[in-house]
Every structure is written in structure tokens, then in C-alpha cells.
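With the sequence shown counted from 1, adding 385 to any position gets you the working numbering.
Don't be surprised by glycine CBs; every beta carbon is placed ideally from N, CA and C.
Everything below concerns the one structure shown next.
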Amino acid sequence: ARIMAKYLKALGYLTSGHLVEVSRNDLIGQYVGETAQKTIKKLNSAMGGILFIDEAYSIARDENDTFGIEAVDTIVKAIEDNRDNLVVILAGYTKEMEDFLKINSGLKSRFNYTVDFEDYTPIELLEISKVIAKSNGYIIDEILDERLVELFET
């Protein structure tokens, strides 16, 4: 998301290209009306940049989550009202995100692009582990390769 913010700023789509990362706790209040205030505050801080919501489905798990629905409704309105000054990126597991996008009838239509990242294979995870180990001054012995691949398969 940080790279996307810089990229969109360079292309002239964003004025500042900064990133504001939030979770449910940053948006949801403890009493009626507080959720909209907290959500608007975070949205305003993201103007000119990107609001990144990781595990977005945690905001509202179903239609009975009134505080979560209030946050989603506030986000949908902000996206509509600030098309030229705000990018919102939602992240999360595919199935949960599909369910989340059904929470509000206007939510799915506000997100025109979906990017699915494939899981790493056990072999790719082994190679990543070796690079990280090497960058920290360690070497993963070849004797461990098979065992690590087995662990990554679970």
C-alpha cells in the first residue's frame, strides 16, 4: 500500500501520497455516534493519500454489528464524496472479504479492482528463509531444507 501511495502521487492522482493504516479499533467507538466521528477523523487524515484497512472484514462481521455498519456507511460516503482526493485499500482473506463487501449495498461498487496474492509455495518459503537468514549473518544448512519444506507444508 505504501508503494501504491508513492506511485499514485507520482502519477498525479494523489496530492500527498501518504498512507494511513487503520484497524477496527481505530474506527469503532464505544457509544452511538462516536464511530462516525472516529472514522471521519481517520478518513480526513488520509485525504490526499491512502487509507489502508487491513483485515477490513473485522470492521463489520454481519448486519447486526451496528457500530461496524456505521463505520462502513461512513467510509462508503467518504469514498463517494472524495473520489479525487482519497484512495481506500481494503485487505484481508478472500472469502471473508467477499462476505464483507455484501454488508453495504454500495460497498462493492466502490472497489473496482481486486488483487489476489497467491500463497507462497513451501519451496519459495524456504528460499525466503535462506535470504533472511543470510541477511542476519546465518546460514541454513542444506540438511534442514527437507525438514523446513515439510514444516512449511503444514
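Residue nearest to residue i in terms of C-alpha spacing, selected from the options
i, options, result
"Glu531", "Glu512, Gly522, Ala518 and Lys519", "Glu512"
"Ser408", "Leu471, Lys427 and Tyr498", "Lys427"
"Asn497", "Ile488, Lys480 and Val472", "Val472"
"Glu483", "Gln415, Asn410 and Glu440", "Glu440"
"Val538", "Ile524, Ser520 and Pro507", "Inspection of the sequence shows that residue 538 is occupied by Glu rather than by Val. Of the listed residues, the one whose Cα sits closest to Glu538 is Pro507."
"Gly365", "Leu436, Ala518, Tyr416 and Leu412", "The chain is shown from 386 up to 539; residue 365 falls before or after that span and cannot be answered."
"Glu455", "Arg495, Ala431, Ile438 and Ile425", "Ile425"
C-alpha distance - residue i paired with residue j, whole-angstrom precision
i, j, result
"Leu393", "Glu527", "43 Å"
"Asn467", "Leu475", "17 Å"
"Asn470", "Glu509", "38 Å"
"Val457", "Leu536", "39 Å"
"Val516", "Ile525", "9 Å"
"Tyr416", "Asn410", "13 Å"
"Ile444", "Gly414", "11 Å"
"Tyr523", "Lys480", "38 Å"
"Leu492", "Val461", "6 Å"
Outcome for residue i when other beta-carbon atoms lying within 10 angstroms are tallied against a minimum of 16
i, result
"Leu396", "exposed"
"Asp388", "With the sequence shown as reference, residue 388 is identified as Ile, and Asp is not the correct amino acid for it. Exposed, since its Cβ has fewer than 16 Cβ neighbours within 10 Å."
"Thr451", "exposed"
"Lys423", "buried"
"Tyr442", "buried"
"Phe485", "buried"
"Gly418", "exposed"
"Leu529", "exposed"
"Ala431", "buried"
"Thr459", "buried"
Opening and closing residue of the alpha helix (DSSP H) in which residue i lies
i, result
"Phe544", "Residue 544 lies beyond the stretch modelled for the chain, which goes from 386 to 539, so this question has no answer here."
"Val534", "Asp530 to Glu538"
"Val457", "Thr451 to Asp466"
"Asp484", "Thr479 to Phe485"
"Arg495", "Run containing Arg495: none; DSSP gives neither H nor E here."
"Tyr416", "Element bounds for Tyr416: n/a, residue is neither H nor E."
Counterpart residues of residue i in DSSP-defined beta bridges
i, result
"Val473", "Leu436"
"Glu509", "BP columns for Glu509 are empty, so no partner."
"Val405", "Leu436"
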